[in-house]
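Participant:
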Amino acid sequence: MDIKKEILLETGTNELEILEFFINEPGKNGQMDSCYFGVNVAKVMQVIESPDLEPPESAPHPCFMGTIPLRGHILPVLDLSIWLGMDRVKDPLDVVIVTEFSQSVTGFLVSGVTEIHRVGWPEVIPPQGVLSTADQNTIIGLVDINDHFIQLLDLEHILSALDPTSQDALWTADVRAENQVTALVADDSATIRAMLKNNLEAANFRIMLTNTGEEALNKLQELKATAEEQGKRVNDFLDIVIADIEMPRMDGFTLTKNIKEDNALQNLPVILYSSIITDELRHKGDSVGASAQISKPDMDKMAGLAIDLLGREAGAS
1 MDIKKEILLE
11 TGTNELEILE
21 FFINEPGKNG
31 QMDSCYFGVN
41 VAKVMQVIES
51 PDLEPPESAP
61 HPCFMGTIPL
71 RGHILPVLDL
81 SIWLGMDRVK
91 DPLDVVIVTE
101 FSQSVTGFLV
111 SGVTEIHRVG
121 WPEVIPPQGV
131 LSTADQNTII
141 GLVDINDHFI
151 QLLDLEHILS
161 ALDPTSQDAL
171 WTADVRAENQ
181 VTALVADDSA
191 TIRAMLKNNL
201 EAANFRIMLT
211 NTGEEALNKL
221 QELKATAEEQ
231 GKRVNDFLDI
241 VIADIEMPRM
251 DGFTLTKNIK
261 EDNALQNLPV
271 ILYSSIITDE
281 LRHKGDSVGA
291 SAQISKPDMD
301 KMAGLAIDLL
311 GREAGAS
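Heads up: the sequence shown begins at 1 in UniProt numbering, then just goes up one per residue.
(1) Which one or two residues does DSSP pair with residue 38 in a beta bridge?
(2) Which same chain residues, not among the five before or five after residue 47, have their C-beta less than 6 Å away from its C-beta?
(3) Can you tell me whether residue 237 is helix, strand or coil according to DSSP?
(4) Work out the CA separation of residue 124 and residue 255 for me, nearest whole Å.
(5) Quick one: what does DSSP say residue 74 is sitting in, helix, strand or coil?
(6) Hey, would you say residue 116 sits closer than 8 Å to residue 18, going by beta carbons?
(7) Consult DSSP for residue 192 and reduce its assignment to one of helix, strand or coil.
(8) Does residue 208 come out as helix, strand or coil in the three-state DSSP assignment?
(9) Mind checking whether residue 184 and residue 232 have CB atoms under 8 Å apart?
(10) Under 8 Å: do the region 31-40 and the region 50-66 share three or more Cβ pairs, one atom per stretch?
(11) Which two residues bound the contiguous beta strand (DSSP E) that contains residue 118?
(12) Over what stretch of residues does the alpha helix (DSSP H) that includes residue 254 continue unbroken?
(13) Going by Cα to Cα distance, which pick from 253, 281 and 271 is closest to residue 303?
(14) Quick one, are the C-beta atoms of residue 106 and residue 62 less than 8 Å apart?
(15) Excluding sequence positions up to five away, which residues of its chain have a Cβ less than 6 Å from the Cβ of residue 126?
(16) Hey, how far is the Cα of residue 237 from the Cα of residue 200?
(17) Just grab the DSSP bridge partners of residue 182 for me.
(18) Can you tell me where the beta strand (DSSP E) with residue 82 in it begins and where it stops?
(19) Mapping DSSP to helix, strand and coil, what is residue 31?
(20) I'd like the list of long-range same chain contacts for residue 155, defined as Cβ closer than 8 Å, with 5 residues on each side in sequence excluded.
(21) For residue 191 versus residue 137, is the C-beta spacing smaller than 8 Å?
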């Protein structure tokens with residue numbers, strides 16, 4: 001089963017497409033209980049039959065099932081149920097969801113897939129207050145699909161947690177702004193917010209943190225009102241906006257579109273980042289007016305990119 005890579009959604013409509021899948025656990029009276037999960041379709045290459053893999057004795061984590069060759073890649077396969085602490089019922093019809101993001105191709109073993117749903121980001125319920133703190137690190141949010149909930153998984157968190165040392169280089173600032181830069185950062189991950197804040201502050205940035213695109217836009221409207229009261233511009237209070245693309249309530253594309261369509265905000269440069277910024281998807285950010293886009297594996301370049309961008313815009317004004 002190949003997942004088509006065409007861009008089916010108009011950029012800036014605050015929607016996403018989710019591939020729904022499930023993991024079966026033993027239930028009562030010999031029945032099975034299914035738990036439903038979802039992943040952004042843009043991160044899925046294909047779904048394949050599960051190979052007959054057993055965890056190697058030297059596995060770095062119990063969920064690591066070994067590797068298989070696929071499309072010129074050596075594909076590591078992870079048993080998602082083990083990572084989630086579930087007791088999956090093994091079945092010959094189990095499948096592997098092959099994903100590609102953050103310059104990494106990985107397979108996730110699950111019980112099966114159901115269908116693709118198109119939902120609006122406002123329909124995604126943030127996990128805060130709904131799930132435990134531990135679950136919040138893996139769950140982006142919940143979506144109510146008629147008779148059941150789908151839990152949207154943060155697969156990037158799983159990979160980074162399996163290899164924490166791979167993230168160290170992402171957060172090393174090797175540049176410093178001559179004059180302090182004020183930046184508004186929007187990301188629904190507390191871990192990413194904290195690491196990005198530390199990275200940018202080391203480069204002489206002053207940071208305002210928000211959890212979603214919606215919260216960031218509300219903050220911008222507050223700054224706009226303050227600027228109008230004082231007879232100033234928003235740019236006198238804020239230099240740049242840095243936003244994740246995938247966020248509950250409002251995504252980064254929609255946030256950028258709102259900024260660029262507001263006369264008082266449109267001169268603010270916006271940097272978008274995500275694990276799924278590829279050449280094929282980059283045009284989505286361009287279409288809403290993003291000033292620059294960066295992939296999460298290149299986050300060590302964030303401070304330098306922002307400084308260069310502000311320098312170019314200052315020179316052009």
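The beta carbon of each residue, even a glycine, is placed where N, CA and C say it ideally should be. Values in this document were obtained by computation on a predicted structure and should not be read as measured data.
Facilitator: Let me spell this out:
(1) As a working note, residue 38 is residue 38 in the sequence shown. For residue 38, which the question treats as bridged, DSSP gives the partners 20 and 152.
(2) Here residue 47 refers to the residue found at position 47 when the sequence shown is read from its first residue. Contacts found: 1, 95, 97 and 113.
(3) Within the sequence shown, numbered from 1, the residue matching residue 237 stands at position 237. Of the three classes helix, strand and coil, the one that applies to residue 237 here is coil, per DSSP.
(4) Here residue 255 is taken as the residue at index 255 of the sequence shown, counted from 1. Here residue 124 is taken as the residue at index 124 of the sequence shown, counted from 1. Distance between the alpha carbons of residue 255 and residue 124: 16 Å.
(5) Taking the first residue of the sequence shown as 1, we reach residue 74 at position 74. Residue state, collapsed to three classes: strand.
(6) Within the sequence shown, the letter at position 116 stands for residue 116. Within the sequence shown, the letter at position 18 stands for residue 18. In this structure, residue 18 lies closer than 8 Å to residue 116 by Cβ.
(7) Walking along the sequence shown from the start, residue 192 turns up at place 192. Three-state DSSP puts residue 192 in a helix.
(8) Mapped onto the sequence shown, residue 208 falls at position 208. DSSP places residue 208 in strand when its eight states are reduced to three.
(9) Against the sequence shown, residue 184 aligns to sequence position 184. Against the sequence shown, residue 232 aligns to sequence position 232. No, they are not a contact pair.
(10) no
(11) By one-based count along the sequence shown, residue 118 stands at place 118. First-last of the beta strand (DSSP E) with residue 118: 112-120.
(12) Translated into the one-based positions of the sequence shown, residue 254 becomes position 254. It spans 252-260 - the alpha helix (DSSP H) in which residue 254 sits, taken as one unbroken run.
(13) As a working mapping, residue 303 is identified with position 303 in the sequence shown. Nearest C-alpha to residue 303: 271.
(14) Locating residue 106 in the sequence shown gives position 106, where the first residue counts as 1. Locating residue 62 in the sequence shown gives position 62, where the first residue counts as 1. No, they are not a contact pair.
(15) Locating residue 126 in the sequence shown gives position 126, where the first residue counts as 1. The residues are 141 and 248.
(16) On the sequence shown, position 237 is the one that residue 237 refers to. On the sequence shown, position 200 is the one that residue 200 refers to. Cα-Cα distance, rounded: 17 Å.
(17) In the sequence shown, counting from the first residue as 1, residue 182 sits at position 182. Answer is 206.
(18) Here residue 82 refers to the residue found at position 82 when the sequence shown is read from its first residue. Note, residue 82: premise wrong, no beta strand (DSSP E); alpha helix (DSSP H) at 80-83.
(19) As a first step, residue 31 must be located in the sequence shown, where it is residue number 31. Reduced to three states, the DSSP call for residue 31 is coil.
(20) As a working note, residue 155 is residue 155 in the sequence shown. 39, 43, 99, 101, 106 and 108, listed in sequence order.
(21) Taking the first residue of the sequence shown as position 1, residue 191 is located at position 191. Taking the first residue of the sequence shown as position 1, residue 137 is located at position 137. In contact: residue 191 and residue 137 (Cβ atoms closer than 8 Å).
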